[in-house]
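*Asks:* Numbering (our numbering), first residue to last: 57 to 532. Positions of the beta carbon are idealized from the N, C-alpha and C atoms, including for glycine. Quick one: the structure is below, questions incoming.
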RNA sequence: GGCGCCAUCGUCUAGUGGUUAGGACCCAGGAUUUUCAUUCCUGUAACCGGAGUUCGAUCCUCCGUGGCGCUACCA
């Protein structure tokens, strides 16, 4: 399997979105699984919509996902001469012809006839007619001279697809302003880059016959094609802003681990044969098979993505999680700067206690803030349920007193204190535990309470209970 | 309008000419005599419709229907 060369070819008209990232991932997976080259091409021939800053943004997202590319990226905007030359070549061989029809004329004729395809008016122009037009400086586009017959290929994902050439328009290769169209530039570049497998979105299936015709016109070898089903939103429509975050960078900013995004996108529409769904990039490479990709468009499901992300966080080394959350903790003013060794140990333990519950790194700062500062508010629902009356204050005051007298503030001693008091008061331990958790964390859920109290330390715990005693219950 | 692709639980999917149609996420219930946003267990839930082929179709064929895509001097 030598000489496998694939490319990811984004247009810099926006940040890298989920669908594009998925295409890139499959290309990358295929290249790495087959000892091939993964190349990049920037399709910036649409000068109106392309922006420089997006290029860097796309690079950044690819790097963040852990995909490195081989060779220097190819920029279409720098290959104008090549397109001109290639067009001339097709003109010479008769595979293309000049078209002097203007957009307005075309539209008028389309409207009048009701026929969508180009009427091929300029196909039969004589050489003298062409020269006359050219000599007066008339603007000309160059169109593909589509031959009769059928065009077919065997798609790595979809199988055999065949199209009657009657259905194919004499599409434009070079616009009258000299810029190539997508169809043309893609083929010229894929030949130039010696691409062996074209792996791209399913929206290009209909374009493929045109491109195959071009390969033939150039007398070039035709690559393998693999089309990927598209990504949809929950309503089955094409993924867009109204479905929420669609940019890879947005997920990074929300604190999701890169491996989780990579993993979920990879298994969306493709499940490894062994049923293992939580996999690192290298493990995905081992299992990846183009032919196994489903042919149905898939819906990005945030719930499942969250699950995947949580699974990755659970498996991650505490030290690695620490690296990721340190800047977030600082940002949220939970710690002031790089912690010293004891601070670091504290954070590591905090991670160990909490990581099984979180789906992204930000939650460590949000849902875990009470490890670093006293709660400022108390979860409404929990207050209503566990601390709705002053009777709770009476009990907690007693508990506070008992805890204060504790010499050894350990999980074990705390637990027995709480349980003994519950016995004395003739109530269930939960009646003390729930308010206790609320006072200390502000939440109704969290890790084991006794372990948590020991971890936070006596001073902090007592202070927080006192504060809660003052503030709860909240009157309406 | 034309052409193309697709169609199994809500979602991602496995699968077969005869299966109790399997798994994962979600959801629901239960257990862990402290919680759940941890952990474990259990459960609900699907073959788009109609013909045809066949002893038998979720599976094969055809026709519908629906979704998506392409149909630009966008990519």
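Among the candidates 307, 168, 393, 528, whose CA atom is the shortest distance from the CA of residue 444?
*Replies:* Position 388 of the first chain, counted from the first residue, corresponds to residue 444. Checked all of 307, 168, 393, 528; the closest Cα to residue 444 is 528.
*Asks:* Just curious, the beta strand (DSSP E) that residue 178 is in, first and last residue?
*Replies:* Numbered from 1 along the first chain, position 122 holds the residue referred to as residue 178. Here residue 178 belongs to no beta strand (DSSP E), and DSSP marks it neither H nor E.
*Asks:* Any idea which residues DSSP pairs residue 66 with across the strands?
*Replies:* Position 10 of the first chain, counted from the first residue, corresponds to residue 66. The partner list for residue 66 (beta bridge, DSSP) is empty, contrary to what the question assumes.
*Asks:* Compute the distance between the beta-carbons of residue 65 and residue 97, then report whether it is under 8 Å.
*Replies:* Start at 1 with the first residue of the first chain, and residue 65 comes out as number 9. Start at 1 with the first residue of the first chain, and residue 97 comes out as number 41. Result yes, Cβ atoms of residue 65 and residue 97 sit closer than 8 Å.
*Asks:* Roughly how many angstroms separate the alpha carbons of residue 522 and residue 454, rounded to a whole number?
*Replies:* The residue labelled residue 522 in the question sits at position 466 within the first chain. The residue labelled residue 454 in the question sits at position 398 within the first chain. Their backbone Cα atoms lie some 11 Å apart in a straight line.
*Asks:* What are the complete beta strand (DSSP E) segments, minimum 3 residues, inside the region 229-279?
*Replies:* The qualifying runs are 253-257.
*Asks:* Given this structure, state the Cα-to-Cα distance separating residue 524 from residue 495, to the nearest angstrom.
*Replies:* Working through the first chain from its first residue, we reach residue 524 at position 468. Working through the first chain from its first residue, we reach residue 495 at position 439. Computed Cα separation, rounded: 5 Å.
*Asks:* Ends of the alpha helix (DSSP H) at residue 461?
*Replies:* Numbered from 1 along the first chain, position 405 holds the residue referred to as residue 461. Looking at the DSSP string, the run of the alpha helix (DSSP H) that includes residue 461 is 446-461.
*Asks:* How many Å lie between residue 163 and residue 157 at the Cα?
*Replies:* Position 107 of the first chain, counting from 1, holds the residue named residue 163. Position 101 of the first chain, counting from 1, holds the residue named residue 157. One C-alpha to the other measures close to 10 Å.
*Asks:* Count the other C-beta atoms from every protein chain shown that fall within 10 angstroms of the C-beta of residue 501, then say buried if there are 16 or more, exposed otherwise.
*Replies:* Residue numbering aside, residue 501 sits at position 445 when the first chain is read from its first letter. That one is exposed.
*Asks:* Go through its chain and collect everything with a Cβ distance to residue 142's Cβ below 7 Å, but skip five positions before and after it.
*Replies:* Taking the first chain and counting its residues from 1, one reaches residue 142 at position 86. Counting only Cβ-Cβ distances below 7 Å, and skipping sequence neighbours, we find 244.
*Asks:* Taking 7 Å as the limit between beta carbons, can you name the residues of its chain near residue 393, skipping five residues before and five after?
*Replies:* Taking the first residue of the first chain as position 1, residue 393 is located at position 337. 386.
*Asks:* Here's the rule: buried if 16 or more other CB atoms are within 10 angstroms of the residue's CB, otherwise exposed. What is residue 187?
*Replies:* Within the first chain, the letter at position 131 stands for residue 187. The residue in question, residue 187, is exposed, as its Cβ has fewer than 16 Cβ neighbours within 10 Å.
*Asks:* Would you grab the beta carbon distance between residue 213 and residue 351 for me? Rounded to a whole angstrom, and I think it's under 8 Å.
*Replies:* Reading the first chain from its first residue, position 157 is the one you call residue 213. Reading the first chain from its first residue, position 295 is the one you call residue 351. Correct: roughly 6 Å between the Cβ atoms.
*Asks:* May I ask you to list the residues that DSSP assigns as paired with residue 209?
*Replies:* Locating residue 209 in the first chain gives position 153, where the first residue counts as 1. Paired residue(s): 217.
*Asks:* Is the beta carbon of residue 167 sitting closer than 8 Å to the one on residue 227?
*Replies:* For the purposes of this step, residue 167 is taken as residue 111 along the first chain, with counting starting at 1. For the purposes of this step, residue 227 is taken as residue 171 along the first chain, with counting starting at 1. For residue 167 and residue 227, no; Cβs fall outside 8 Å.
*Asks:* Straight-line CA distance for residue 95 to residue 119?
*Replies:* Indexing the first chain from 1 puts residue 95 at position 39. Indexing the first chain from 1 puts residue 119 at position 63. Cα to Cα, residue 95 sits roughly 13 Å from residue 119.
*Asks:* Are there 16 or more other CB atoms within 10 angstroms of the CB of residue 405, so buried, or fewer, so exposed?
*Replies:* Numbered from its first residue, the first chain carries residue 405 at position 349. It is exposed - the Cβ of residue 405 has fewer than 16 other Cβ atoms within 10 Å.
*Asks:* Please check the pair residue 200 and residue 229, which I expect to be a contact at CB under 8 Å, by giving their CB distance rounded to whole angstroms.
*Replies:* The residue you call residue 200 lines up with position 144 of the first chain. The residue you call residue 229 lines up with position 173 of the first chain. So it is a contact: roughly 6 Å between Cβ atoms.
*Asks:* So, with DSSP's three-state summary, where would you put residue 90?
*Replies:* Within the first chain, the letter at position 34 stands for residue 90. Correct three-state label for residue 90: coil.
*Asks:* Quick check on the DSSP output: what are the complete beta strand (DSSP E) runs of length 3 or more inside the region 142-194, in order along the chain?
*Replies:* Correct list: 152-155.
*Asks:* For residue 390, count neighbouring C-beta atoms within 10 Å of its own C-beta (all shown protein chains included) and say buried if the count is 16 or more, exposed if not.
*Replies:* Within the first chain, the letter at position 334 stands for residue 390. Under this definition residue 390 is a buried residue.
*Asks:* By the DSSP assignment, the alpha helix (DSSP H) with residue 308 in it spans what residues?
*Replies:* For this step, residue 308 is matched to residue 252 along the first chain. Looking at the DSSP string, the run of the alpha helix (DSSP H) that includes residue 308 is 304-309.
*Asks:* Just checking my contact of residue 155 with residue 197 at CB under 8 Å: how many whole Å lie between their CB atoms?
*Replies:* In the first chain, the residue the question calls residue 155 occupies position 99. In the first chain, the residue the question calls residue 197 occupies position 141. That pair is a contact at about 5 Å.
*Asks:* Give the secondary structure of residue 73 by DSSP, where H, G and I count as helix, E and B as strand, and everything else as coil.
*Replies:* Position 17 of the first chain, counted from the first residue, corresponds to residue 73. Of the three classes helix, strand and coil, the one that applies to residue 73 here is strand, per DSSP.
*Asks:* Which value, in whole angstroms, describes the spacing of the CA atoms of residue 509 and residue 457?
*Replies:* Working through the first chain from its first residue, we reach residue 509 at position 453. Working through the first chain from its first residue, we reach residue 457 at position 401. Roughly 15 Å separates the two Cα atoms.
*Asks:* Which residue or residues does DSSP assign as beta-bridge partners of residue 439?
*Replies:* For this step, residue 439 is matched to residue 383 along the first chain. In the DSSP output, where bridge partners are listed per residue, residue 439 has none listed.
*Asks:* Among the candidates 238, 271, 312, 262, whose CA atom is the shortest distance from the CA of residue 251?
*Replies:* Position 195 of the first chain holds residue 251. When only C-alpha atoms are compared, the closest one is 271.
*Asks:* In three-state terms, what does DSSP make of residue 501?
*Replies:* By one-based count along the first chain, residue 501 stands at place 445. Here residue 501 sits in coil by DSSP.
*Asks:* For residue 463, count the other beta carbons within 10 Å of its own beta carbon; 16 or more makes it buried, fewer makes it exposed. Which is it?
*Replies:* Position 407 of the first chain, counted from the start, is the residue given in the question as residue 463. Looking at its Cβ environment, which holds fewer than 16 other Cβ atoms inside 10 Å, residue 463 is exposed.
*Asks:* Figure out for me which residue from 93, 240, 360, 440 has the closest Cα to the Cα of residue 127.
*Replies:* Taking the first residue of the first chain as position 1, residue 127 is located at position 71. The shortest C-alpha separation from residue 127 is found at 93.
*Asks:* Throw me the rounded Cβ distance for the residue 322 and residue 340 pair, which I believe falls under 8 Å.
*Replies:* As a position in the first chain, residue 322 is number 266, starting the count at 1. As a position in the first chain, residue 340 is number 284, starting the count at 1. Residue 322 to residue 340, Cβ: 5 Å. Contact.
*Asks:* Can you give the Cα-Cα distance for residue 513 and residue 426, rounded to whole angstroms?
*Replies:* The residue labelled residue 513 in the question sits at position 457 within the first chain. The residue labelled residue 426 in the question sits at position 370 within the first chain. Their backbone Cα atoms lie some 13 Å apart in a straight line.
*Asks:* Report the three-state DSSP secondary structure of residue 380 (helix, strand or coil).
*Replies:* Within the first chain, residue 380 is the residue found at index 324, counting from 1. It is helical.
*Asks:* By alpha-carbon positions, which one of 235, 281, 433, 153 ends up nearest to residue 179?
*Replies:* Locating residue 179 in the first chain gives position 123, counting from the first residue. That would be 153, whose Cα lies nearest to the Cα of residue 179.
*Asks:* With burial defined as no fewer than 16 other Cβ atoms inside 10 Å of the residue's Cβ, what is the status of residue 259: buried or exposed?
*Replies:* For this step, residue 259 is matched to residue 203 along the first chain. Exposed is the call here.
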